[in-house]
Amino acid sequence: MCMKMSDKAYYEANKDRKAARDKSYRVDYKDKIAVTRKAYCEANKENIAACRKARYERNHDRIKIWREVHKDRTAKYGKVYRATDRGRELCRMKDQRRRARKANLPDTLTPKQRQDTWMLFNHRCAYCNRTESEIGKEFHQEHFIAQDNDGPYTQDNIIPACQRCNYSKHARDPYTWMKRHKGPLNPALAQWIADTQPRNEASIRQWQADQPR
Ligand SMILES: [Zn+2]
28 MCMKMSDKAY
38 YEANKDRKAA
48 RDKSYRVDYK
58 DKIAVTRKAY
68 CEANKENIAA
78 CRKARYERNH
88 DRIKIWREVH
98 KDRTAKYGKV
108 YRATDRGREL
118 CRMKDQRRRA
128 RKANLPDTLT
138 PKQRQDTWML
148 FNHRCAYCNR
158 TESEIGKEFH
168 QEHFIAQDND
178 GPYTQDNIIP
188 ACQRCNYSKH
198 ARDPYTWMKR
208 HKGPLNPALA
218 QWIADTQPRN
228 EASIRQWQAD
238 QPR
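The structure is reproduced here in structure tokens:
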């Protein structure tokens, strides 16, 4: 007890000095701290996500009340956030997931998986191989197997496509449509199909088998 009190008294007496020392450490070793933190986050990714989720669930009611009380503030920040690239992407993905769930289809694509796929196609349309700057517009998140044909919103089914290719293919069978496509296709497409489509078909079949009858 005594020890505890003296610790507390020492802390109170030296509070400002300690804060100044901590601050200067953070400034002097900024880069080192960032590297350590990044490595820690990488190594504990799943743990961190689980803790974050648990904390969100624990505080769900309080968060809801806070949002209600600060409605104007959250609306203002939400508007600013949705105008950013990341905000726009997350809104679009949320909308796609909602549509997939409504159609009773798997909806697991994450922003990271979406970025990986775009990188795999060298940031070019998966069909006509044009870039976003060539077409002057952002790519659509194209369902290789159309949602109307039970195509899920998953990494194995979403690829970058320009508006022209997306609208032209629409809900058609991709293999039939590609045969009619004029000009060369994105060189990454054949490998992507070989890698993902057996998995995609298996996961669609699995999902269909899991559905209550
Ligand atoms: Zn295209």
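Numbering of the sequence shown is given in our numbering, commencing with residue 28 and proceeding in unit increments.
All residues carry an ideal CB built from backbone N, CA and C; glycine is no exception.
- 8 Å Cβ cutoff met for L212 and N156: For the purposes of this step, residue 212 is taken as residue 185 along the sequence shown, with counting starting at 1. For the purposes of this step, residue 156 is taken as residue 129 along the sequence shown, with counting starting at 1. Result yes, Cβ atoms of L212 and N156 sit closer than 8 Å.
- Query: Taking contact to mean at least 3 C-beta pairs separated by less than 8 Å, is the segment 118 to 135 in contact with the segment 161 to 180?
  - Reply: yes
- Message: Using the Cβ count rule (16 or more neighbours within 10 Å means buried), how would you classify N193?
- Response: Translated into the one-based positions of the sequence shown, residue 193 becomes position 166. By the 10 Å Cβ count, N193 comes out buried.
- With 16 other Cβ atoms within 10 Å as the buried cut-off, status of P133: Residue 133 sits at position 106 when you count from the first residue of the sequence shown. Buried is the call here.
- Could you check the C-alpha separation between G114 and N74 for me, to the nearest Å? Position 87 of the sequence shown holds residue 114. Position 47 of the sequence shown holds residue 74. G114 and N74: Cα-Cα distance of roughly 25 Å.
- Message: Taking 8 Å as the cut-off, does the segment 216 to 232 touch the segment 161 to 168 (at least 3 CB pairs, one atom from each stretch)?
- Response: no
- Query: Is the closest heavy atom of ligand 1 to the C-beta of A188 under 7 Å?
  - Reply: Locating residue 188 in the sequence shown gives position 161, counting from the first residue. Yes.
- Query: Just to confirm, does Y154 get its C-beta within under 7 Å of one of the non-hydrogen atoms of ligand 1?
  - Reply: Counting from one through the sequence shown, the residue named residue 154 turns up at place 127. Yes, since a heavy atom of ligand 1 falls inside the 7 Å radius drawn around the Cβ of Y154.
- Task: Could you tell me which of V62, I185 and R232 sits nearest to Y154, measuring between CA atoms?
- Result: Your numbering for residue 154 matches position 127 in the sequence shown. Of the listed residues, the one whose Cα sits closest to Y154 is I185.
- Sheet register partners of A188 (DSSP bridge): Residue 188 sits at position 161 when you count from the first residue of the sequence shown. Note: A188 sits in a beta bridge opposite H167.
- How big is the Cα-Cα spacing for D34 and R44? Residue mapping note: residue 34 aligns to position 7 of the sequence shown, counting from 1. Residue mapping note: residue 44 aligns to position 17 of the sequence shown, counting from 1. Near 15 Å, if we compare the C-alpha coordinates of R44 and D34.
- T63 by DSSP, collapsed to three states: which one? The residue labelled residue 63 in the question sits at position 36 within the sequence shown. Here T63 sits in helix by DSSP.
- Query: Taking DSSP as the reference, what is the three-state secondary structure of D122?
  - Reply: As a working mapping, residue 122 is identified with position 95 in the sequence shown. Three-state result, D122: helix.
- Give me the Cα-Cα distance between W145 and A47, rounded to the nearest whole angstrom. Counted from its first residue, the sequence shown places residue 145 at position 118. Counted from its first residue, the sequence shown places residue 47 at position 20. Their backbone Cα atoms lie some 46 Å apart in a straight line.
- Local conformation of R151 per DSSP, three classes: As a working note, residue 151 is residue 124 in the sequence shown. Residue state, collapsed to three classes: strand.
- With a threshold of 16 other CB atoms inside 10 Å of the CB of A36, please say whether the residue is buried or exposed. Your numbering for residue 36 matches position 9 in the sequence shown. It counts as exposed.
- Item | Buried versus exposed call for A236 [16 or more other C-beta atoms within 10 Å across all chains shown] | What you label residue 236 is simply residue 209 of the sequence shown in a count that begins at 1. Classification of A236: exposed, given that the 10 Å Cβ count is below 16.
- Alpha carbon of H170 to alpha carbon of A76, nearest angstrom: Locating residue 170 in the sequence shown gives position 143, counting from the first residue. Locating residue 76 in the sequence shown gives position 49, counting from the first residue. Between H170 and A76, the C-alpha separation is close to 28 Å.
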